[in-house]
């Protein structure tokens, strides 16, 4: 769906656009002049596939696509005991990385110092509960996660 389909674009130079909405030209109860709005350049990302808005983002963790996210996770969890994020699979299995990420941004939601690396399910459940309290709910449950209890 194109959100701009009812708008007319006019350009007076390459970097400045003015949009006039079709509704600006229609008469209304208020007799105000049409509004001209300056629009900053923007980029629109359009999917070539029909995807659900709640569909998980798909990328190969070993590809370059995941590297910025991996670096962000590493930076946020860098000073946490028992956490060494090197990938998107085994580094997260005991739940400590998830808890560290949550604690980094919301330290009041989790007592990181009292977590035990051997209690994977409890750690992950605690992190998921904390994320949910912040409005982040579309994360796999513990049963769906790959957890190593060894």
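In UniProt numbering, the protein residues as written are 1 to 150. We put the beta carbon where it would ideally sit given N, CA and C, even for glycine. From a predicted model like this one, the values you see are computed outputs, not experimental measurements.
- The C-alpha of residue 85 lies about 22 Å from the C-alpha of residue 137.
- In this structure residue 125 is not in contact with residue 94, their Cβ atoms being roughly 13 Å apart against a cut-off of 8 Å.
- Residue environment analysis places residue 106 among the exposed positions, since fewer than 16 neighbouring C-beta atoms fall within 10 angstroms of its C-beta.
- Runs of beta strand (DSSP E) with 3 or more residues, each lying fully within the stretch 93-147, are absent.
- Its chain contains 76 as the residues whose beta carbon lies nearer than 6 Å to that of residue 104, once the 5 sequence neighbours on both sides are disregarded; these appear in chain order.
- Residue state for residue 66 is assigned as helix, using DSSP reduced to three classes.
- Residue burial annotation: residue 130 is buried, with at least 16 other C-beta atoms found within 10 angstroms of its C-beta.
- Excluding five sequence positions before and after residue 112, the CB atoms of its chain that fall closer than 7 Å to its own CB belong to 80, 99, 100, 103, given in chain order.
- The distance from the Cβ of residue 88 to that of residue 70 is about 7 Å, consistent with a contact at the 8 Å cut-off.
- A residue is called buried once 16 or more other Cβ atoms fall within 10 Å of its Cβ, and residue 120 is buried on that count.
- Counting the other Cβ atoms within 10 Å of the Cβ of residue 92 gives 16 or more, which makes it buried.
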